[in-house]
Amino acid sequence: MYHETNFDDWWFKNSAWYEQRNIAKEDFIQYPLKNGLNKGDIIVVWGRGEYKKGDIIIFSAPTQYPLIHRIISDNKISTKGDHNPSQLSIEDKISEDKIIGKAVARIPLLGWLKLIFFELFKPADQRGLCA
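Going left to right, the sequence shown walks through residues 298 to 428 as the working numbering numbers them.
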């Protein structure tokens with residue numbers, strides 16, 4: 298969900314993938330959290346409910362942690378991480394019982410307090426605050 302640059306630069310680099318799926322820049326600009334998320338952001342999550350294309354959902358997947366990705370198809374819910382070059386196989390046809398909720402807001406930077414605190418307890422060879 299991370300965007301390294303401003304929206305226009307990000308769209309220039311990623312537009313082909315979205316346009317092949319009939320998602321135009323004009324559509325994406327209207328999506329919630331169109332600028333993605335950054336390391337250190339706190340995400341406000343609302344429980345289960347209605348989901349539509351462009352929403353960012355948190356869902357259980359066969360991974361260590363739940364995924365936070367944007368819905369790209371709401372017919373059969375499919376997602377893609379904004380920072381990923383393509384869709385993962387586990388992001389296609391997500392059943393609603395796997396959805397934890399959707400991101401409704403973000404609080405920038407506040408999560409850095411937790412990240413810094415937990416860095417102190419990691420082994421020295423695993424420390425680092427880079428993305």
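Beta carbons are placed, not taken as given, at the ideal position from N, Cα and C, and that holds for glycine.
Does aspartate 305 get closer than 9 Å to chain B when you measure Cβ to Cβ? Absence of chain B from the displayed structure is noted, only one protein chain being present.
Just to confirm the assignment: which complete alpha helix (DSSP H) runs, minimum length 4, are found wholly within the region 311-360? With a minimum length of 4 residues, the continuous alpha helix (DSSP H) runs that stay inside the region 311-360 are 322-327.
Give the DSSP-derived three-state secondary structure of leucine 364 in the structure shown. If DSSP states are grouped into helix, strand and coil, leucine 364 belongs with the strands.
Is it buried or exposed for glutamate 388, if we count other Cβ within 10 angstroms and need 16 for buried? Looking at its Cβ environment, which holds 16 or more other Cβ atoms inside 10 Å, glutamate 388 is buried.
- [ ] Take the Cβ of alanine 402 as the centre, count every other Cβ of all protein chains shown within 10 Å, and call the residue buried at 16 or more, exposed below.
- [x] It is exposed - the Cβ of alanine 402 has fewer than 16 other Cβ atoms within 10 Å.
Roughly how many angstroms lie between the CA atoms of serine 386 and glycine 408, to the nearest whole one? Near 29 Å, if we compare the C-alpha coordinates of glycine 408 and serine 386.
How long is the line joining the alpha carbons of asparagine 376 and isoleucine 397, rounded to whole angstroms? The question names asparagine, but residue 376 in the sequence shown is threonine. Rounded to whole angstroms, threonine 376 to isoleucine 397 spans 14 Å at the Cα level.
Notebook entry, point to check: At what residues does the beta strand (DSSP E) containing lysine 377 begin and finish?
Noted result: Start and end: 375-377.
task = Report buried or exposed for isoleucine 391, applying the criterion of at least 16 other Cβ atoms within 10 angstroms of its Cβ.
result = Buried: at least 16 other Cβ atoms inside 10 Å.
*According to the neighbour-count rule (16 or more other Cβ atoms, all chains shown, within 10 Å of its Cβ), is tryptophan 343 buried or exposed?*
Label assigned to tryptophan 343: exposed.
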